[in-house]
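If you're matching them up, the sequences are chains A and B in order. Numbering-wise, the first sequence is residues 1 to 419 according to UniProt numbering. Numbering-wise, the second sequence is residues 1 to 419 according to UniProt numbering. Heads up: the structure comes next, in structure tokens.
There are 2 protein chains.
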Amino acid sequence: MAKHNAFYAQSGGVTAVINASACGVIEACRRHADRIGHVYAGHNGIIGALTEDLIDTNQESDEAIAALRHTPGGAFGSCRYKLKSIESHRAEYERLIEVFKAHDIRYFFYNGGGDSADTCLKVSQLSEKMGYPLTAIHVPKTVDNDLPITDNSPGFGSVAKYVATSTREAALDIESMCATSTKVFIFEVMGRHAGWIAAAGALAGESAEQAPHVIIFPEIAFDRAAVMARIDEAVKRHGFCVIVISEGAQYADGTFLADAGSTDAFGHKQLGGVAPTLAGMVKADLGYKYHWAVADYLQRAARHIASRTDVEQAYAVGKVAVELALDGQNAMMPAIKRVSEAPYEWQIEAAPLAQIANHEKFMPRDYISEDGLHISDAGRRYLSPLIQGEDFPPFENGLPKVAKLEKVRVARKLPDFTV
Amino acid sequence: MAKHNAFYAQSGGVTAVINASACGVIEACRRHADRIGHVYAGHNGIIGALTEDLIDTNQESDEAIAALRHTPGGAFGSCRYKLKSIESHRAEYERLIEVFKAHDIRYFFYNGGGDSADTCLKVSQLSEKMGYPLTAIHVPKTVDNDLPITDNSPGFGSVAKYVATSTREAALDIESMCATSTKVFIFEVMGRHAGWIAAAGALAGESAEQAPHVIIFPEIAFDRAAVMARIDEAVKRHGFCVIVISEGAQYADGTFLADAGSTDAFGHKQLGGVAPTLAGMVKADLGYKYHWAVADYLQRAARHIASRTDVEQAYAVGKVAVELALDGQNAMMPAIKRVSEAPYEWQIEAAPLAQIANHEKFMPRDYISEDGLHISDAGRRYLSPLIQGEDFPPFENGLPKVAKLEKVRVARKLPDFTV
Numbered sequence: 001m002a003k004h005n006a007f008y009a010q011s012g013g014v015t016a017v018i019n020a021s022a023c024g025v026i027e028a029c030r031r032h033a034d035r036i037g038h039v040y041a042g043h044n045g046i047i048g049a050l051t052e053d054l055i056d057t058n059q060e061s062d063e064a065i066a067a068l069r070h071t072p073g074g075a076f077g078s079c080r081y082k083l084k085s086i087e088s089h090r091a092e093y094e095r096l097i098e099v100f101k102a103h104d105i106r107y108f109f110y111n112g113g114g115d116s117a118d119t120c121l122k123v124s125q126l127s128e129k130m131g132y133p134l135t136a137i138h139v140p141k142t143v144d145n146d147l148p149i150t151d152n153s154p155g156f157g158s159v160a161k162y163v164a165t166s167t168r169e170a171a172l173d174i175e176s177m178c179a180t181s182t183k184v185f186i187f188e189v190m191g192r193h194a195g196w197i198a199a200a201g202a203l204a205g206e207s208a209e210q211a212p213h214v215i216i217f218p219e220i221a222f223d224r225a226a227v228m229a230r231i232d233e234a235v236k237r238h239g240f241c242v243i244v245i246s247e248g249a250q251y252a253d254g255t256f257l258a259d260a261g262s263t264d265a266f267g268h269k270q271l272g273g274v275a276p277t278l279a280g281m282v283k284a285d286l287g288y289k290y291h292w293a294v295a296d297y298l299q300r301a302a303r304h305i306a307s308r309t310d311v312e313q314a315y316a317v318g319k320v321a322v323e324l325a326l327d328g329q330n331a332m333m334p335a336i337k338r339v340s341e342a343p344y345e346w347q348i349e350a351a352p353l354a355q356i357a358n359h360e361k362f363m364p365r366d367y368i369s370e371d372g373l374h375i376s377d378a379g380r381r382y383l384s385p386l387i388q389g390e391d392f393p394p395f396e397n398g399l400p401k402v403a404k405l406e407k408v409r410v411a412r413k414l415p416d417f418t419v
Numbered sequence: 001m002a003k004h005n006a007f008y009a010q011s012g013g014v015t016a017v018i019n020a021s022a023c024g025v026i027e028a029c030r031r032h033a034d035r036i037g038h039v040y041a042g043h044n045g046i047i048g049a050l051t052e053d054l055i056d057t058n059q060e061s062d063e064a065i066a067a068l069r070h071t072p073g074g075a076f077g078s079c080r081y082k083l084k085s086i087e088s089h090r091a092e093y094e095r096l097i098e099v100f101k102a103h104d105i106r107y108f109f110y111n112g113g114g115d116s117a118d119t120c121l122k123v124s125q126l127s128e129k130m131g132y133p134l135t136a137i138h139v140p141k142t143v144d145n146d147l148p149i150t151d152n153s154p155g156f157g158s159v160a161k162y163v164a165t166s167t168r169e170a171a172l173d174i175e176s177m178c179a180t181s182t183k184v185f186i187f188e189v190m191g192r193h194a195g196w197i198a199a200a201g202a203l204a205g206e207s208a209e210q211a212p213h214v215i216i217f218p219e220i221a222f223d224r225a226a227v228m229a230r231i232d233e234a235v236k237r238h239g240f241c242v243i244v245i246s247e248g249a250q251y252a253d254g255t256f257l258a259d260a261g262s263t264d265a266f267g268h269k270q271l272g273g274v275a276p277t278l279a280g281m282v283k284a285d286l287g288y289k290y291h292w293a294v295a296d297y298l299q300r301a302a303r304h305i306a307s308r309t310d311v312e313q314a315y316a317v318g319k320v321a322v323e324l325a326l327d328g329q330n331a332m333m334p335a336i337k338r339v340s341e342a343p344y345e346w347q348i349e350a351a352p353l354a355q356i357a358n359h360e361k362f363m364p365r366d367y368i369s370e371d372g373l374h375i376s377d378a379g380r381r382y383l384s385p386l387i388q389g390e391d392f393p394p395f396e397n398g399l400p401k402v403a404k405l406e407k408v409r410v411a412r413k414l415p416d417f418t419v
């Protein structure tokens with residue numbers, strides 16, 4: 001068979017395990033060296049393709065590529081950049097084809113979330129619409145766990161494990177001190193529109209009788225009186241109350257509790273500070289001494305407490321993406337299928353990208369308790385398998401070791417292009 | 001020799017390894033069962049002694065006590081409660097003696113920081129001032145690392161490792177995305193008056209050329225223009241800037257950048273929110289997109305990423321405390337002595353409590369770089385050994401296992417006492 005090159009890029013918010021997917025893609029390509037020549041990684045995602053800023057991963061040692069499996073962040077750089085429609089922004093697509101042609105790229109692997117799935121879908125149409133033979137495969141990742149079809153999104157299991165672990169640990173701290181100190185602890189986690197990450201915090205306890213006592217989801221309209229009553233009840237019953245709140249917590253009219261007022265490159269509102277906002281309410285309504293934490297990027301970068309299940313799935317979707325591409329399956333995404341729940345068994349199945357792009361998966365209502373302030377048994381059954389197993393990185397000098405890449409750039413062949 | 005009982009209590013803010021010290025105390029007492037009968041733990045610290053709320057640790061299995069070594073928080077409850085002077089509050093001391101007499105307690109182990117060392121010192125004087133034979137030993141702990149004499153305070157090494165690890169991980173995340181997203185990341189850590197914890201964040205990089213680029217200490221007067229210039233320089237040079245800031249960051253006149261306006265039981269100001277305060281300055285002065293995280297209790301509860309060195313030292317000070325008590329050394333504290341720096345070797349030596357109580361150890365100026373915005377080589381040489389080694393807890397069902405204690409209460413023999 002003819003031999004061509006592949007392009008791999010990371011897109012959107014990175015995760016603790018997106019590099020495990022990169023490792024899966026690159027190692028699979030190396031195993032198929034008869035059909036795939038070079039794997040070029042886009043520096044800063046799709047922008048690297050547009051600006052012809054390509055990293056030749058073939059120049060990296062096997063050891064460096066293997067180390068990606070335990071390195072958080074996006075090793076080749078990621079970006080928030082969404083391609084517009086082919087019709088309205090033809091120049092960008094023509095540029096992509098020029099770059100792909102110039103470097104004999106016939107395989108396109110795009111590692112991202114919902115917005116990236118949309119970009120990948122558009123790129124997959126280049127083959128048909130612009131007559132360039134390209135096989136585009138989306139490699140799923142997002143800590144938000146909001147991709148449809150797949151059982152979960154790689155990256156989510158690790159943030160879930162981080163949040164559940166941190167919640168359990170902090171709860172022990174607060175419980176120790178509550179007689180004379182802090183009575184209410186508020187832990188703000190990510191999740192703009194979907195409460196998956198906040199829900200994972202609930203795994204810290206074995207039931208709603210244990211900390212965390214309250215979970216606040218974006219899917220459930222925030223009712224200040226009801227939340228305060230629940231917090232008060234927990235403090236009276238247990239001496240303390242631990243709350244995990246999603247950054248996207250919102251009122252019935254869709255207003256966010258904490259709205260920083262700015263928007264990101266995709267037009268999404270930039271949120272932050274819902275924890276201090278809720279703390280202010282606790283102070284005003286209940287008068288309890290409080291503390292709050294905002295995990296922000298720590299949660300999605302915490303490779304040191306990654307879920308082994310998540311690492312394995314992240315690697316597997318990368319590997320299968322290459323197999324699908326070599327099988328000629330354009331516009332697909334390797335999705336995780338839950339084969340059995342207890343014990344948790346999973347496999348990878350190909351899903352058409354058209355069913356994934358621009359669809360956001362919310363928490364099913366029945367994963368949330370009836371009163372809207374905790375998870376249900378169904379939610380627990382879904383979430384628990386995703387945090388199973390540990391996969392500690394190697395440590396050196398007291399700190400996690402990370403991949404050291406050469407990032408050798410591919411010689412440019414084309415004129416400059418400004419994005 | 002005569003056999004008497006021991007009292008053990010935890011005091012002040014708990015740490016990831018204070019229970020490792022409890023484990024050290026209790027296991028050492030069990031090894032000296034010929035001289036120490038029961039180890040009674042004060043429920044919620046010294047309050048447990050005053051209110052005769054005692055937990056009989058002899059009722060706990062060896063396995064449960066061993067599990068304390070990997071359980072964060074304060075297993076028996078801690079408190080913020082500082083005894084006043086014997087002269088002004090004689091009733092409290094008389095009550096302590098009544099409780100100790102009633103339960104044949106002749107050994108007093110108090111596990112805490114600077115304020116607790118003061119309490120322990122006062123208790124140690126009961127023997128002389130009130131004619132009750134008691135040997136009081138202070139077991140050091142505090143994440144703030146502000147105890148004098150000892151090389152470091154158990155609890156600090158683990159928060160240091162957590163902060164350094166989290167900073168390294170988050171920096172990789174930000175570096176990946178900085179071309180099109182967040183350019184400035186601010187990580188708020190604990191440290192009211194001493195910048196030890198913020199300094200530990202600097203270990204995430206191998207020099208000030210690597211992230212974190214800026215460290216903000218309470219010891220160095222905050223100069224907004226200088227800090228902003230340094231942030232701007234980092235963004236221009238590296239594309240991004242990571243800042244670790246101590247909650248106690250303050251202006252030259254001693255005003256905290258973030259002053260929540262309330263005070264704790266010791267009269268200390270309750271701080272919080274210096275990260276968003278600094279973020280606001282970055283936005284106003286530089287206009288860069290920013291994110292911020294506040295680790296709060298997560299950092300001092302993070303047993304899952306504890307330093308093995310710290311765990312071993314925490315255990316050792318507990319064990320040696322018992323040996324000192326049995327040796328009749330009243331009013332002492334087992335201190336860690338740095339025998340050699342590279343390789344790091346340490347041993348435990350007894351230090352007189354009078355030299356420790358109410359003394360706060362600040363960062364030596366020469367541990368901070370000349371410009372005041374990073375650590376020096378001397379600082380790095382001091383800090384680095386403290387985060388060495390890992391000591392992961394056992395995991396069960398995807399989460400760290402913690403000790404499950406029976407907490408059997410000792411039958412009360414005395415009338416109620418209100419604190």
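Just so you know, even glycine gets a beta-carbon here, dropped at the ideal spot from N, CA and C.
Shorter than 9 Å from the beta carbon of residue i to some beta carbon of chain B?
i: Arg338 of chain A; result: no
i: Leu172 of chain A; result: yes
i: His291 of chain A; result: yes
i: Ala204 of chain A; result: yes
Let's test the definition: count the other Cβ atoms within 10 Å of the Cβ of residue i and tell me whether it reaches 16, buried, or not, exposed.
i: His89 of chain B; result: exposed
i: Gly327 of chain B; result: The displayed chain sequence assigns Asp, not Gly, to residue 327 of chain B. Under this definition Asp327 of chain B is an exposed residue.
i: Ser384 of chain A; result: buried
i: Lys129 of chain A; result: exposed
i: Ala225 of chain B; result: exposed
i: Asn397 of chain B; result: exposed
i: Cys23 of chain A; result: buried
i: Asn358 of chain B; result: exposed
i: residue 423 of chain A; result: Nothing in the structure corresponds to residue 423 of chain A, since chain A is present only between 1 and 419.
Taking 8 Å as the cut-off, is the beta-carbon of residue i closer than that to any non-hydrogen atom of the ligand MN?
i: Tyr132 of chain A; result: This structure does not include the ligand MN; it has no bound ligands of any sort.
Answer with yes or no whether the minimum CB distance from residue i to chain D is below 9 Å.
i: Val402 of chain B; result: This model lacks chain D altogether; the protein chains it does include are A and B.
Which residue comes first and which comes last in the alpha helix (DSSP H) that contains residue i?
i: Pro334 of chain A; result: Run containing Pro334 of chain A: none in the alpha helix (DSSP H); it sits in the beta strand (DSSP E), Met332 to Glu341.
i: Asp62 of chain B; result: Asp62 to Ala67
i: Tyr132 of chain B; result: Note, Tyr132 of chain B: premise wrong, no alpha helix (DSSP H); not H, not E.
So with Cβ pairs under 9 Å, would you call residue i a contact of chain A?
i: Phe187 of chain B; result: yes
i: Leu134 of chain B; result: no
i: Ile215 of chain B; result: no
i: Lys141 of chain B; result: no
i: Cys79 of chain B; result: yes
i: Pro212 of chain B; result: no
i: Asp264 of chain B; result: For Asp264 of chain B, the predicted model reports a pLDDT of 45, less than 50, meaning its position is unreliable and no value from the coordinates is stated.
Roughly how many angstroms separate the alpha carbons of residue i and residue j, rounded to a whole number?
i: Ala200 of chain B; j: Val235 of chain B; result: 22 Å
i: Ala28 of chain A; j: Asn5 of chain A; result: 13 Å
i: Ile149 of chain B; j: Leu405 of chain A; result: 44 Å
i: Asp232 of chain A; j: Ala179 of chain A; result: 15 Å
i: Thr309 of chain A; j: Arg69 of chain A; result: 13 Å
Starting from residue i, follow the beta strand (DSSP E) in both directions and report where the run begins and ends.
i: Ile216 of chain B; result: Val214 to Ile216
i: Gln10 of chain B; result: His4 to Gln10
i: Gln59 of chain B; result: It is not in any beta strand (DSSP E) - Gln59 of chain B carries neither H nor E in the DSSP assignment.
i: Phe108 of chain B; result: Ile105 to Gly112
i: Ser176 of chain B; result: Per DSSP, Ser176 of chain B belongs to no beta strand (DSSP E); it is in the alpha helix (DSSP H), Phe156 to Met177.
i: Glu312 of chain A; result: Premise fails: Glu312 of chain A lies in the alpha helix (DSSP H), Arg308 to Leu326, not in any beta strand (DSSP E).
How about residue i and residue j: do their beta carbons lie closer than 9 Å?
i: Thr142 of chain A; j: Thr57 of chain A; result: no
i: Val402 of chain A; j: Pro72 of chain A; result: yes
i: His103 of chain B; j: Asp146 of chain B; result: no
i: Ala350 of chain B; j: Val322 of chain B; result: no
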